[in-house]
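Residue numbers (the working numbering): 4 to 250.
For glycine and all other residues, C-beta sits at the position ideal for the given N, C-alpha and C.
Okay, so here's the structure we're looking at.
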Amino acid sequence: MIDPLLEIMRRLRDPDSGCEWDKVQTFKTIAPYTIEEAYEVADAIERDDMLALKDELGDLLLQVVFHSQIASDADQFDFNDVVETICDKMIRRHPHIFGAADESPGWEQIKAGERERNGQSSALDGVALALPALLRAQKIQKRAARVGFDWPDKAPVKDKLLEELDEVTAATNEEEVHEEIGDLLFSAVNLARHYKVDAERALADATTKFTKRFNEVESSLTKDMQDMSIEELEVEWQKAKAKLAAS
């Protein structure tokens, strides 16, 4: 069933008769759309909308086909090469299923071996630069922890978080504030990791909770929010919290 989609993309990219927009796209111009489609897949899953998920998975597949066609046009690789590469990788990473191993040596151990063979010697190599900053911080910290670069328990992590907060307060210019806020966020991710909390998920849930409470406050007001004091808004906020908690 993939052949019709491959043919559609080939025609869209045809130098003579293709779509003017599709013909000029590059890996870099398409990359933001690829990321967006991945998020829309995650959103459909979060909403448990199977009809939307089917649609969004198709959009994401189109992105793979689009990148593959761009590469094919440049004689670099094609869609079949992409499929062959991922098949080889999955077989290689499951020797207990497809090979002679009695049990898996561990996904991360296999991936570490692959990075080493590819000349990536650092424990932090291979963490994508384009990941959302919070998720990338989490992955970097996990990698460092695997080689022993980690606090032994939560106490010093909490101390470090408070230390970073003090350094934000002590910052004297915008550049220092920028740096210290970054350090504070990085430390907060580290604390979440020590509590075995997914920082990305926790922040997403906190944002959703804030949105629901804010919407409840908005819907209950009889005057413009901008005309209210922060003290008045706090009273309404507590009312919204109590109402949502009881529902």
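Round the Cβ separation of residue 147 and residue 126 to the nearest angstrom and send it over; I've been treating them as touching at under 8 Å. About 7 Å; that satisfies the 8 Å criterion.
Cβ neighbours of residue 236 in the same chain (closer than 8 Å, five flanking residues each side left out): Cβ within range, chain order: 220 and 228.
Looking at residue 34 and the ligand MG, is the gap between the Cβ and the nearest heavy atom below 7 Å? For the ligand MG, the structure offers nothing, since it holds no ligand at all.
Three-pair Cβ contact test at 8 Å for the region 59 to 68 versus the region 35 to 43: The region 59 to 68 vs the region 35 to 43: in contact.
Where residue 106 falls: helix, strand or coil (DSSP): Here DSSP, grouped into helix, strand and coil, assigns residue 106 to coil.
Considering only the alpha carbon of each residue, which of 250, 29, 248 and 151 lies closest to residue 67? Per the Cα distances, 29.
What did DSSP end up calling residue 78 once you bin it into helix, strand or coil? Coil at residue 78, not helix or strand.
Buried or exposed (CB count within 10 angstroms, at least 16 for buried), residue 216: When all chains shown are included, residue 216 counts as buried.
State the CB to CB distance for the pair residue 167 and residue 183, rounded to an integer number of angstroms; the pair is presumed to be in contact (CB under 8 Å). Contact between residue 167 and residue 183 holds, with the beta-carbon distance rounding to 7 Å and staying under 8 Å.
Helix, strand or coil at residue 22 [DSSP, three-state]: Correct three-state label for residue 22: coil.
Between which two residues does the alpha helix (DSSP H) holding residue 252 run? The question about residue 252 has no answer, for the chain in this structure spans 4 to 250.
Give the secondary structure of residue 84 by DSSP, where H, G and I count as helix, E and B as strand, and everything else as coil. DSSP places residue 84 in helix when its eight states are reduced to three.
Can you give me the C-alpha to C-alpha distance between residue 99 and residue 87, rounded to a whole angstrom? Taking the straight line from one Cα to the other gives about 20 Å.
6 Å Cβ shell around residue 239 - same chain, five flanking residues per side excluded: Excluding sequence neighbours, residue 239 sits near 220.
Are the Cβ atoms of residue 209 and residue 137 separated by less than 8 Å? Residue 209 places its beta carbon 8 Å or farther from that of residue 137.
DSSP state of residue 2, grouped into three classes? A query on residue 2 cannot be resolved here, the shown segment of the chain reaching from 4 to 250 and no further.
Sorted by chain position, which residues of the same chain lie with C-beta nearer than 7 Å to residue 163's C-beta, five sequence neighbours on each side aside? Hits under 7 Å: 190.
Alpha carbon of residue 244 to alpha carbon of residue 101, nearest angstrom: C-alpha separation (whole angstroms): 53 Å.
Applying the criterion that 16 or more other CB atoms from any shown protein chain within 10 Å of the CB defines a buried residue, is residue 82 buried or exposed? Per the 10 Å Cβ criterion, buried.
Mind checking residue 12: buried by the 16 CB within 10 Å criterion, or exposed? Burial of residue 12 is indicated by the presence of at least 16 other C-beta atoms within 10 angstroms of its C-beta.
Could you give the DSSP three-state label for residue 240: helix, strand or coil? Residue state, collapsed to three classes: helix.
Would you say the region 169 to 178 touches the region 144 to 158, given that touching needs at least three Cβ pairs under 8 Å? The way I'd put it, the region 169 to 178 doesn't touch the region 144 to 158; fewer than three beta-carbon pairs between them come closer than 8 Å.
Cα-Cα separation between residue 232 and residue 226, rounded to whole angstroms: Going from the Cα of residue 232 to the Cα of residue 226 covers about 12 Å.
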